[in-house]
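Encoded as structure tokens, the structure appears first; notes follow it.
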Amino acid sequence: MLKTVVKQNSYQDSINLMLLTNKINTLDGVIQSQIMMGTDANKDIYRAAGLLTAEAEAAAPSDMVIVVETEDEGIMDVVLAETETFLADLSTKKEAAGAPAEATSWEEAMAMLPEANMALFSIPGEYAAPELERALDLGLNVFSFTDNVPLEDEVRLKQKAHEKGLLFMGPDCGTGVVSSVPVAFTNVINPGNIGIVGASGTGIQEVTCMIDRLGGGCVHAIGTGGRDLNEKVGAVTVKDAIVALEHHDPTDVICVISKPPAPAVRDEVVDLLEKCEKPVVAIFIGEKPEAHLGKVHLAHTLEEAARIAVDLANGEAVKKNYLEPLDVTVETPLAQDKTVIGLYSGGTLAGEAAMMITEALELGSIIKEDGYMLRHGGYDVIDLGDDVYTQGRPHPMIDPEVRIRMMRDYASKVTTGVILFDCVLGYGCHPDMAAELAPVIAECIESAKADGRDVRFVGTVVGTHNDPQDYDRSVKLLEDAGAIMEPSNAMAVRAALAFKGIDFTEADREVAPYEVKDDSPLPEPSEAVMELLTSKPRVINVGVESFNDPLRAYGAESVQYTWKPKAGGNKRMIHLLNELEKVEGIDEANARICERFKESQPVLVDVVPAKTVIPELNRAQKTLLHAGPPICWENMQGPMRGSCIGAALFEGWAETEDEAIAMLSAGEVEFIPCHHCHAVGPMGGITSANMAVMVVRNLADDTVAYCTMNEGIGKVLRFGAYSQEVVDRLHWMADELGPVLAKALKLSDGGINLNVLMARAITQGDEFHQRNMAATLNFLKEVAPLIVKTDVSEDAKQRVIQFLADTDQFFLNVMMATGKAIVDYVRKDVEGCVVSTMTRNGYEFGVRVSGLGDEWFVAPVNTPVGLYFTGFTAEDGCPDNGDSAICETVGVGGMAMVAAPGVTRFVGAGGFEDALNISNEMEKICVTHNPNWAIPTWDFKGACLGIDIRKVVETGITPIINTGIAHKEAGIGQVGAGTVRAPLACFEKALEAYCAKLGIE
């Protein structure tokens, strides 16, 4: 049976998940498992493995998907515990290493390392092209370990890099050395005067390691990616790198390494090399050169390329032949039916072995299909790093599992005589590959002997004495296991052929004249490329974090950009976001919108019956205003229905609950969103004609907004309660509280300045949604002296002042009217993509956007998560209600959680660190800060301001809202408090509409 767990919005890089998968597969009770992100490409891997469950199929690209095949019902508890331990261990190691701060965006990364000159990529290829292009647009040279980038994107990006004077190394570039600093899967090479340009990762490793062990050194090894000499790519990077090395003073010798190139492109490269003044050596894997061409010394094997380069670097003459004698002596060749097998982790090494065996046995030419470089008459040479073997698995340089299995399989075949293999050392590789392979080799040799056969293992260690795995120890471990070890791959292949009775030879090579076909002068390199080659790299590392280790160990600066795919991997959203980046003026429009927020001057000026200021309530048609986007009675949840019942009883439309329900369900009452009437309402938001509403005026242009007054806590109308106590309180608020406050406000000098009051209260621990104690007391401080001056009775004064003193949340409704007065002023500038309204009605969450006017973008609303009053649980909670998300719209409430550390535990957010983390997270989706409301606990930064729908969709971070929790049944009231997230779908729909407005498809 298959068990599945989907961990939403839990991005991990693929290498870590591959290693985790291997660990889980060793657990008792696990038949097989796969842990990957929920991308379309990974779902294909799940499907091919028979592991694609319905839950995995439904997962988003930003979700981590764990699928386990097992017969053990309880195994997932063990798997999840192991997963948590593994991921926690990664964090612990990072902390122990004292890793510097990480960036989560290009902007942060560039701010942390403004002098960066290179970006190192190791991210999924399906998302890479826009990120690679972004790096180029930021003026960064690119090193892309990332593979599976479409060829057309590679062509376009390399041409763009060339035009910008930048180097594009890759894609699928696994190895490099820049200014003697190892990059990605790289060996530790002695510095020297040889500069390498390589369209081959393990080709670079073999040549550089041979150079090192021969006493030479390399200053640069510029990887280009294996397709650079493809006809469509045209060797853009190879050519730019050759030109740069020709002008690089510390480089005395240029060495070019290439997988089989397109003939025409190969000739262009040779033509360019002929123009160089510096000595040149080149190898085009698969070619058997008969002579050197003009100035270009051509090598047949990687070993020969290294030996020629060292001779040239030492100022010595190039020899006619570099074939070194073998140590191994074969007395009795293998029988005719015995074959040679190659099991390689390095593709170029496999290609070289296939080439040499094919030439020696006259088997035709090398191939590349399904991982095979040679497959002829029982002679198999396999590149185990091919996609066939690495989809959903670690590369064989990291994980030996696939190779070990194939060693055993081939060693058990009676036709197998020799198994060739490589053992690659260096950064990024397995920490002790020799120790993994050695016991398997010994086992296979012994098993064959027990079967009356001899199987020889012949290999080479690709590494240097400075590599972290210890070259000499690795060689000895493998020799002690019975393997015959040679210093180069070419010599290992020759030894394998010697067991077949074949003496591999090389003809002496003379120099043939060469006539340059293009006599135009050698181009000049760009300043940016020369700066990269003449200084230690300063790197933005995008992806695999361990790639920082060799960079920092050898003097480079690096910043870790902890990358996640934009928009959770939603390719439609990624496309829209990328297109929006090309549109000019959006940021300027958003800045202008935010200025309208900042320049708003809300003032509380009056309290009046709702029907006197809201025309929709002053007519014969029975009408109720409600919270959220438009909704009908059938879709209203219990609390809002309860509020409607209470309003009908308050207005005298019905005498009983049953009469009210009959009237409401019969369609006799029209429902209108508060937001359509310049009003807002808490929770159910129900506002009727004779309820008292506060009037807040925005002096920026006299925009006005209305909101009912706060009833207190417990059984109240806004939470759906409608008992006689609730109705009586509403009458008192309309008949006494409202008129008394109205008289008091008329005695003030133009009303109460709410910006000033809020600026005080936010320094005293309020965030204005869940905690309003300081603001309410400040309000009481302002209004109490005015109440005392009114001509109402002393008893009335006492009741009003006492109510205000007892109602800690009284200011919440003032805040809501304030937010509405601000956003209705903001919304008059119909530009940009800043959120201008957020609200919910228990059924849907609704969003409006500055540049899209009155249009609502809705999605199903979430249920709050938080703490419940005694006797109630999450089962009792209703999906979220209320216009009070206007608080978060203008940057307070949950957006300013850090301002109210006292409330964080009550709403279930934890302690101060959690509050700080929430506000820091909210900052990532906002345009700027509002200096009017500075927060002391946030180093006096202003509250977040201007939720940008692009940032919400790109990051997947949705606004968090502090909220009360209503019981799902009408009449019970509030049962808790907590937080709720706005649904991402609202913002995605808004982004689609915004792009459509701009003509983006």
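Note that the sequence shown covers residues 6 to 1006 in this note's numbering.
Heads up, the beta-carbon is just placed ideally off N, CA and C, and yes, glycines get one too.
Every value quoted in this text rests on a predicted model; they were computed, and no experiment measured them.
According to DSSP, is residue 938 part of a helix, a strand, or is it coil?
As a position in the sequence shown, residue 938 is number 933, starting the count at 1. Residue 938 carries a strand assignment under DSSP once its states are collapsed to helix, strand and coil.
Between the CA atoms of residue 527 and residue 900 - distance to the nearest angstrom
What you label residue 900 is simply residue 895 of the sequence shown in a count that begins at 1. What you label residue 527 is simply residue 522 of the sequence shown in a count that begins at 1. Those two C-alpha atoms are separated by around 58 Å.
Which residue marks the beginning of the beta strand (DSSP E) containing residue 149, and which one marks its end?
Sequence index remark: in the sequence shown, residue 149 carries index 144 (1-based). 146 to 149 is the span of the beta strand (DSSP E), which, as asked, contains residue 149.
According to DSSP, simplified to helix, strand and coil, what is residue 381?
For the purposes of this step, residue 381 is taken as residue 376 along the sequence shown, with counting starting at 1. Strand, per DSSP.
Beta carbon of residue 386, beta carbon of residue 394: below 8 Å?
For the purposes of this step, residue 386 is identified with residue 381 of the sequence shown, where counting begins at 1. For the purposes of this step, residue 394 is identified with residue 389 of the sequence shown, where counting begins at 1. No, the pair does not count as a contact, with Cβ atoms beyond the cut-off.
If we count the other Cβ atoms within 10 Å of its Cβ and call it buried at 16 or more, is residue 865 buried or exposed?
Start at 1 with the first residue of the sequence shown, and residue 865 comes out as number 860. With fewer than 16 Cβ atoms within 10 Å of its Cβ, residue 865 is classed as exposed.
If you run the structure through DSSP and keep just helix, strand and coil, what is residue 101?
Stepping through the sequence shown from its first residue, residue 101 is reached at position 96. Unreliable placement is indicated for residue 101, whose pLDDT of 48 sits below 50; no coordinate value is reported for it.
Report the option in 918, 933, 926 whose CA atom is closest to the CA atom of residue 942.
Position 937 of the sequence shown, counted from the first residue, corresponds to residue 942. The option with the nearest alpha carbon to residue 942 is 918.
Distance between beta carbons of residue 904 and residue 772, contact taken as under 8 Å:
Translated into positions along the sequence shown, residue 772 becomes position 767. Translated into positions along the sequence shown, residue 904 becomes position 899. Yes, residue 772 and residue 904 are in contact; Cβ-Cβ is about 5 Å, under 8 Å.
Separation of residue 442 from residue 370, as counted between CA atoms
For this step, residue 370 is matched to residue 365 along the sequence shown. For this step, residue 442 is matched to residue 437 along the sequence shown. Each residue's Cα considered, the two are about 30 Å apart.
Which class does residue 848 belong to by DSSP, given the choice of helix, strand or coil?
As a first step, residue 848 is located in the sequence shown; it is residue number 843 there, counting from the start. In the three-state reduction of the DSSP assignment, residue 848 falls in the coil class, being assigned neither a helical nor a strand state.
Which value, in whole angstroms, describes the spacing of the CA atoms of residue 972 and residue 847?
Indexing the sequence shown from 1 puts residue 972 at position 967. Indexing the sequence shown from 1 puts residue 847 at position 842. Between residue 972 and residue 847, the C-alpha separation is close to 11 Å.
Bridge partners for residue 633 per DSSP, in chain order?
The residue labelled residue 633 in the question sits at position 628 within the sequence shown. None; residue 633 has no bridge partner.
In the DSSP assignment, what residue or residues form a beta bridge with residue 180?
Taking the first residue of the sequence shown as position 1, residue 180 is located at position 175. In the DSSP output, where bridge partners are listed per residue, residue 180 has 189.
So residue 130 and residue 147 are supposed to be a Cβ contact under 8 Å. How far apart are they, rounded?
Here residue 130 refers to the residue found at position 125 when the sequence shown is read from its first residue. Here residue 147 refers to the residue found at position 142 when the sequence shown is read from its first residue. Contact annotation, residue 130 with residue 147: C-beta distance approximately 14 Å; criterion of less than 8 Å not satisfied.
Unbroken alpha helix (DSSP H) runs of length 4 or more, entirely within the stretch 52 to 98: which are they?
You should have 59 to 63.
State the Cα-Cα distance for the pair residue 945 and residue 352, rounded to the nearest angstrom.
For the purposes of this step, residue 945 is taken as residue 940 along the sequence shown, with counting starting at 1. For the purposes of this step, residue 352 is taken as residue 347 along the sequence shown, with counting starting at 1. The alpha-carbon atoms of residue 945 and residue 352 are separated by roughly 56 Å.
Sorted by chain position, which residues of the same chain lie with C-beta nearer than 7 Å to residue 983's C-beta, five sequence neighbours on each side aside?
Position 978 of the sequence shown, counting from 1, holds the residue named residue 983. Closer than 7 Å at Cβ, skipping near neighbours: 869, 870, 871, 872, 912, 913, 968, 970.
Tell me which residue opens and which closes the alpha helix (DSSP H) that residue 123 is part of.
Position 118 of the sequence shown, counted from the first residue, corresponds to residue 123. It is not in any alpha helix (DSSP H) - residue 123 instead sits in the beta strand (DSSP E) that spans 123 to 126.
Within 8 Å, strictly: CB atoms of residue 150 and residue 432:
Numbered from its first residue, the sequence shown carries residue 150 at position 145. Numbered from its first residue, the sequence shown carries residue 432 at position 427. No, the Cβ-Cβ distance between residue 150 and residue 432 is not below 8 Å.
Distance check for residue 507 and residue 334, CA to CA, integer angstroms please.
In the sequence shown, the residue the question calls residue 334 occupies position 329. In the sequence shown, the residue the question calls residue 507 occupies position 502. If you draw a straight line from the Cα of residue 334 to the Cα of residue 507, it is about 12 Å long.
Determine the direct distance from the alpha carbon of residue 120 to that of residue 565, and round the result to whole angstroms.
Here residue 565 is taken as the residue at index 560 of the sequence shown, counted from 1. Here residue 120 is taken as the residue at index 115 of the sequence shown, counted from 1. If I take the Cα positions, the gap works out to 15 Å.
Hey, could you find the ends of the beta strand (DSSP E) residue 862 is sitting in?
On the sequence shown, residue 862 is found 857 positions in, with the first residue counted as 1. It spans 862 to 865 - the beta strand (DSSP E) in which residue 862 sits, taken as one unbroken run.
8 Å Cβ cutoff met for residue 817 and residue 924:
As a position in the sequence shown, residue 817 is number 812, starting the count at 1. As a position in the sequence shown, residue 924 is number 919, starting the count at 1. No, the Cβ-Cβ distance between residue 817 and residue 924 is not below 8 Å.
CA-CA distance, residue 979 and residue 690?
Within the sequence shown, the letter at position 974 stands for residue 979. Within the sequence shown, the letter at position 685 stands for residue 690. When rounded, the distance between both Cα atoms is 14 Å.
Counting beta carbon pairs with one atom in the stretch 803 to 823 and one in the stretch 710 to 724, are three or more of them shorter than 8 Å?
yes
Should the stretch 556 to 576 be called in touch with the stretch 782 to 794, which here means at least 3 C-beta pairs below 8 Å?
Verdict: no, contact absent.
Please state the DSSP three-state secondary structure of residue 678.
What you label residue 678 is simply residue 673 of the sequence shown in a count that begins at 1. Residue state, collapsed to three classes: strand.
Contact check, residue 5 vs residue 678 under 8 Å by CB: the rounded distance?
Outside the displayed span of the chain (6 to 1006) sits residue 5, for which this structure offers no information.
Let me check understanding here. Comparing Cα to Cα, which of 729, 14, 555 lies closest to residue 68?
Taking the sequence shown and counting its residues from 1, one reaches residue 68 at position 63. Checking every option, the nearest Cα to that of residue 68 belongs to 14.
Nearest-angstrom Cα distance between residue 709 and residue 1002?
Position 704 of the sequence shown, counted from the start, is the residue given in the question as residue 709. Position 997 of the sequence shown, counted from the start, is the residue given in the question as residue 1002. Taking the straight line from one Cα to the other gives about 29 Å.
Have a look at residue 339 and residue 422 and give me their C-alpha separation to the nearest angstrom.
The residue you call residue 339 lines up with position 334 of the sequence shown. The residue you call residue 422 lines up with position 417 of the sequence shown. So the alpha carbons of these two residues sit roughly 7 Å apart.
Is residue 783 helix, strand or coil when you go by DSSP?
The residue given as residue 783 occupies position 778 in the sequence shown. Here residue 783 sits in helix by DSSP.
Span separating the alpha-carbon of residue 343 from that of residue 211:
For this step, residue 343 is matched to residue 338 along the sequence shown. For this step, residue 211 is matched to residue 206 along the sequence shown. In a straight line, the C-alpha of residue 343 is about 28 Å away from that of residue 211.
Would you mind sorting residue 346 into buried or exposed? The rule is 16 or more other CB atoms within 10 Å of its CB.
Taking the sequence shown and counting its residues from 1, one reaches residue 346 at position 341. The residue in question, residue 346, is buried, as its Cβ has 16 or more Cβ neighbours within 10 Å.
Own chain partners of residue 994 with C-beta closer than 6 Å, once the 5 adjacent residues on each side are dropped:
Counting from one through the sequence shown, the residue named residue 994 turns up at place 989. 862.
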